[in-house]
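Read top to bottom, the protein sequences are chains E and H. For the first sequence, the numbering used here begins at 1 and goes up steadily by one. For the second sequence, the numbering used here begins at 354 and goes up steadily by one. Here's the structure, in structure tokens; my notes come after.
Protein chains: 2
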Amino acid sequence: MDLDERKFKILQAIIDDYITTAMPVGSRTISRKEGMGLSSATIRNEMSDLEELGYLASPHTSAGRVPSWRAYRLYVDQIMRVSSLPPSEYSLLRSIFSSRMGQMEDVLSSATQALSAMTDYTSVMIAPQMRSIARIQLVPLTSSTALMVTVTDEGVHKDSVIAVPAGVTPDHLYALSNLLTERLAGKDASEYPAAIQELSREMSGQRELFARLMDSLQKQMEPDAHSVHVAGAARMLAHPEYSDLKKARSLLSTLETQDKLAKLLLRRTGVEFSVAIGPELSEEGMQDCSLVTVSYRVGSGVGTMGVIGPTRMHYGRVISVLEAMKNVMNEALLPPGSRKESVKRKEEKHEGK
Amino acid sequence: MDLDERKFKILQAIIDDYITTAMPVGSRTISRKEGMGLSSATIRNEMSDLEELGYLASPHTSAGRVPSWRAYRLYVDQIMRVSSLPPSEYSLLRSIFSSRMGQMEDVLSSATQALSAMTDYTSVMIAPQMRSIARIQLVPLTSSTALMVTVTDEGVHKDSVIAVPAGVTPDHLYALSNLLTERLAGKDASEYPAAIQELSREMSGQRELFARLMDSLQKQMEPDAHSVHVAGAARMLAHPEYSDLKKARSLLSTLETQDKLAKLLLRRTGVEFSVAIGPELSEEGMQDCSLVTVSYRVGSGVGTMGVIGPTRMHYGRVISVLEAMKNVMNEALLPPGSRKESVKRKEEKHEGK
DNA sequence: AGTTAGCACTCGATAGGCTTGAGTGCTAAC
DNA sequence: GTTAGCACTCAAGCCTATCGAGTGCTAACT
Numbered sequence: 001m002d003l004d005e006r007k008f009k010i011l012q013a014i015i016d017d018y019i020t021t022a023m024p025v026g027s028r029t030i031s032r033k034e035g036m037g038l039s040s041a042t043i044r045n046e047m048s049d050l051e052e053l054g055y056l057a058s059p060h061t062s063a064g065r066v067p068s069w070r071a072y073r074l075y076v077d078q079i080m081r082v083s084s085l086p087p088s089e090y091s092l093l094r095s096i097f098s099s100r101m102g103q104m105e106d107v108l109s110s111a112t113q114a115l116s117a118m119t120d121y122t123s124v125m126i127a128p129q130m131r132s133i134a135r136i137q138l139v140p141l142t143s144s145t146a147l148m149v150t151v152t153d154e155g156v157h158k159d160s161v162i163a164v165p166a167g168v169t170p171d172h173l174y175a176l177s178n179l180l181t182e183r184l185a186g187k188d189a190s191e192y193p194a195a196i197q198e199l200s201r202e203m204s205g206q207r208e209l210f211a212r213l214m215d216s217l218q219k220q221m222e223p224d225a226h227s228v229h230v231a232g233a234a235r236m237l238a239h240p241e242y243s244d245l246k247k248a249r250s251l252l253s254t255l256e257t258q259d260k261l262a263k264l265l266l267r268r269t270g271v272e273f274s275v276a277i278g279p280e281l282s283e284e285g286m287q288d289c290s291l292v293t294v295s296y297r298v299g300s301g302v303g304t305m306g307v308i309g310p311t312r313m314h315y316g317r318v319i320s321v322l323e324a325m326k327n328v329m330n331e332a333l334l335p336p337g338s339r340k341e342s343v344k345r346k347e348e349k350h351e352g353k
Numbered sequence: 354m355d356l357d358e359r360k361f362k363i364l365q366a367i368i369d370d371y372i373t374t375a376m377p378v379g380s381r382t383i384s385r386k387e388g389m390g391l392s393s394a395t396i397r398n399e400m401s402d403l404e405e406l407g408y409l410a411s412p413h414t415s416a417g418r419v420p421s422w423r424a425y426r427l428y429v430d431q432i433m434r435v436s437s438l439p440p441s442e443y444s445l446l447r448s449i450f451s452s453r454m455g456q457m458e459d460v461l462s463s464a465t466q467a468l469s470a471m472t473d474y475t476s477v478m479i480a481p482q483m484r485s486i487a488r489i490q491l492v493p494l495t496s497s498t499a500l501m502v503t504v505t506d507e508g509v510h511k512d513s514v515i516a517v518p519a520g521v522t523p524d525h526l527y528a529l530s531n532l533l534t535e536r537l538a539g540k541d542a543s544e545y546p547a548a549i550q551e552l553s554r555e556m557s558g559q560r561e562l563f564a565r566l567m568d569s570l571q572k573q574m575e576p577d578a579h580s581v582h583v584a585g586a587a588r589m590l591a592h593p594e595y596s597d598l599k600k601a602r603s604l605l606s607t608l609e610t611q612d613k614l615a616k617l618l619l620r621r622t623g624v625e626f627s628v629a630i631g632p633e634l635s636e637e638g639m640q641d642c643s644l645v646t647v648s649y650r651v652g653s654g655v656g657t658m659g660v661i662g663p664t665r666m667h668y669g670r671v672i673s674v675l676e677a678m679k680n681v682m683n684e685a686l687l688p689p690g691s692r693k694e695s696v697k698r699k700e701e702k703h704e705g706k
């Protein structure tokens, strides 16, 4: 079961080679490598062992070997070295954000595109899920409707139109906004029932309006799949694993179903770091893909971003780009002053199952 | 230049056949058709004429003929019969919307997906561009920041965080909201400069805040590419024109660049109906595509939706689906009471250049 | 004059056969 | 334990032959 150092070294060489060439790797290729000092025959023997142990597979008799997902797992967990992003790229990344402090959605959208451009894989990002809201505002629209807007420190969280009974004036709505905010803002979801109970008593004169408000509020607090950003899905077509149209189609339609992606990301939200390889994703149409995710923080909210590429992806590079992006986003999205010191990357690379 | 009736009939037969099979059409195939009553030799002569006139092309000597974009243009303008959507599908469509009267973005997203599913092509939709806003609301966040939210009758239009000078209280912001709304809401963009001029005088005591407000307002009024919905891009891979990976990739990355799509749609916003075929789109990577668009109305806003498919698309079907979708969305998005009678489809099919 | 049958010709697509070369696994010698 | 040597495998590339759908032209027919 355990691999001796030589097997390790050979496996690493095979994976490194395969990652860049996408072609089955033969024993001679490895034996010729600098610092290997072993003949192809010896490598063959070792490869044969590695195959038996489940780290390699051969597409057919006279082709080379291809790493299995177990090999990638090992690679990610123990072999790979992650270097941090070179300063030149780091500052390039920073420059993307410096220009615009606009709406959150725009920032996320640019970030997602940058992520994809820098890795040449598909990237995916979910907006920070706010744990608590800063304010609830009722905005008068017509005499019979109003807009209920929940707001966080970063901007509008959600909004919905509600009907209001006749006789409720804008000033009324303003006062009500203040009341709702006072009772509900800043609280954790667990504290809501009690607060709502109390509010219900105080507003017993306006049962109908109150019911509508709470109904909308509840809907707004549900996590929604809506805010998933995807970029660079077309890039996957450039990688040889998707020269088969059927595979390509199946992958791309998975990448289009936002709730599947949302689920994949939400499951990893709060996990600082995660790498899921092929079968571990248990998502049909992504069997040949890996997903690397990082969680990022914006104020009280936690979001997750990830890169989806073939299992044969440049894990090291992807991880360092994600790491950098997380830091840069933190800086860009936090108003100056409330900034925390940047956190050193921890050496946890295991998939948090 | 003019085509006699027989050439018309033959051309129609060729296009019909090619639309369903995607294979070059030969003379025998046409001569065997019901009600044609001509030998293949005669058809060949006619085809030869049609080729000279630019309506047909042959990929190589011994293949059949393929319609050119001119043929499709003729087809769409003069030959095609559009039947309205069968009631069963119509009500299916309606049922999608009946369940949810939620946020605008959700509705648009479902509509786009439905459009793609019903046509088996890619669909694209742009949110209604509001011409005037119903209210401007300033929502206090922290002691030094506030959220400026512009709102239409249908919900939040846009929002952005602004810094507020010390000493500005929530009540202050509320009063200011009312003032801004009174002076700016409901107005056309052309009336803004005058109103802003006047406001500027009145608020001369708060130059800094005023400048920030107007700055944000201006940004929010710019039309943005952000709200483009795309669905079913992966479906294009199923059509034989995109069995070539290079073409597929180029198309898909075009479909991913939202501002290109936004431009295509915005240019057609307000045009009731438009069909653009291949080269008419003048968009690299979409030379083999057609775009059919329809504009829809929601309150004071006008949005546009479209279907992108191969030039060899089922124009009739696509048009009837779009027509139906427009009507259904109208019903679904207008609050009951303010509903207009549904408009009969006009026979304008020309591309509005 | 328009239509059609007949025929030679073109050319992509498909299938079989051959060659090449990268790769393996095994064995025997070092 | 390592390596050289060798027989064997199999995909990929290439050539060739065949097939058939399709055209264009000409001559005969209505």
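For every residue, glycine included, the Cβ atom is placed at its ideal position computed from N, Cα and C. Just so you know, these numbers come straight off a predicted model, no measurement behind them.
Taking 3 residues as the minimum length, the beta strand (DSSP E) runs contained wholly in the region 504-553 of chain H are 508-516, in order along the chain. Residue burial is scored here from C-beta neighbours: residue 663/H has at least 16 other C-beta atoms within 10 angstroms and is therefore classed as buried. For residue 256/E, the chain H residues whose C-beta falls within less than 8 Å of its own C-beta are 584, 585, 586 and 587, listed in chain order. Taking 7 Å as the upper bound on Cβ-Cβ separation, chain H lies near residues 237, 238, 243, 245, 248, 249, 252 and 253 of the region 235-255 of chain E. Taking 8 Å as the Cβ-Cβ cut-off, the region 135-166 of chain E approaches chain H at 135, 137, 139, 140, 141, 142, 145, 147, 149, 151, 153, 154, 155, 156, 158, 159, 160 and 161, given in chain order.
In the same chain as residue 467/H, and ignoring 5 residues on each side of it, the C-beta atoms closer than 6 Å to its own belong to 449, in chain order. In the pairwise beta carbon analysis, the region 23-33 of chain E is classified as touching the region 53-69 of chain E: at least three pairs are separated by under 8 Å. DSSP places residue 639/H in no beta strand (DSSP E); its state is neither H nor E.
Comparing alpha carbon positions, the residue from 488/H, 603/H, 600/H and 583/H closest to residue 615/H is 583/H. Look at residue 64/E here: in three-state DSSP terms it is coil, with no helix or strand label. The Cβ atoms of residue 307/E and residue 292/E sit closer than 7 Å to each other.
Within the region 168-183 of chain E, the residues whose Cβ lies closer than 7 Å to some Cβ of chain H are 174, listed in chain order. Rounded to the nearest angstrom, the Cβ distance from residue 472/H to residue 486/H is 34 Å, too far for a contact under 8 Å. DSSP places residue 449/H in the uninterrupted alpha helix (DSSP H) bounded by 440-451. Judged by DSSP in its simplified three-state form, residue 72/E adopts helix. Out of 186/E, 209/E, 188/E and 214/E, the CA that lies nearest to the CA of residue 197/E is found in 214/E. If the five residues before and after residue 238/E are omitted, its C-beta is found closer than 8 Å to the C-beta atoms of 120, all from its own chain and listed in chain order. Under the three-state reduction of DSSP output, residue 232/E falls in the coil class, being neither helix nor strand. For residue 516/H, the closest of 510/H, 491/H, 459/H and 538/H by C-alpha to C-alpha distance is 491/H. Under DSSP, residue 149/E takes part in a beta bridge, and its partners are 137/E and 159/E. Restricted to the region 205-278 of chain E, the beta strand (DSSP E) segments that are unbroken, complete and at least 3 residues in length are 228-231 and 273-277, listed in chain order. Within the model, the alpha-carbon separation for residue 7/E versus residue 328/E is close to 39 Å.
Within the same chain, Cβ atoms closer than 6 Å to the Cβ of residue 505/H are found at 483, 486 and 487, the five residues on either side in sequence being excluded.
Residue pairing from DSSP places residue 663/H in a beta bridge opposite 642/H. The beta-carbon distance between residue 15/E and residue 71/E, rounded to whole angstroms, is 6 Å. This is short enough to meet the 8 Å contact definition. Secondary structure of residue 56/E (DSSP, three-state): strand. Around the beta carbon of residue 278/E, a 10 Å sphere encloses 16 or more other beta carbons of the protein chains shown; the residue is thus reported as buried. At a Cβ-Cβ threshold of 7 Å, residue 248/E and residue 93/E do not count as neighbours.
Between the region 493-502 of chain H and the region 515-530 of chain H there are three or more C-beta pairs closer than 8 Å, enough to call the two in contact. Of the residues assessed, residue 451/H falls on the exposed side of the cut-off, its CB having fewer than 16 other CB atoms within 10 angstroms.
Under the DSSP assignment, residue 27/E falls in the alpha helix (DSSP H) whose first and last residues are 27-31.
Around the CB of residue 227/E, 16 or more other CB atoms lie within 10 Å, so the residue is classed as buried.
Listed in chain order, the non-local C-beta contacts of residue 200/E below 7 Å within the same chain comprise 210, local neighbours out to five positions each way being set aside.
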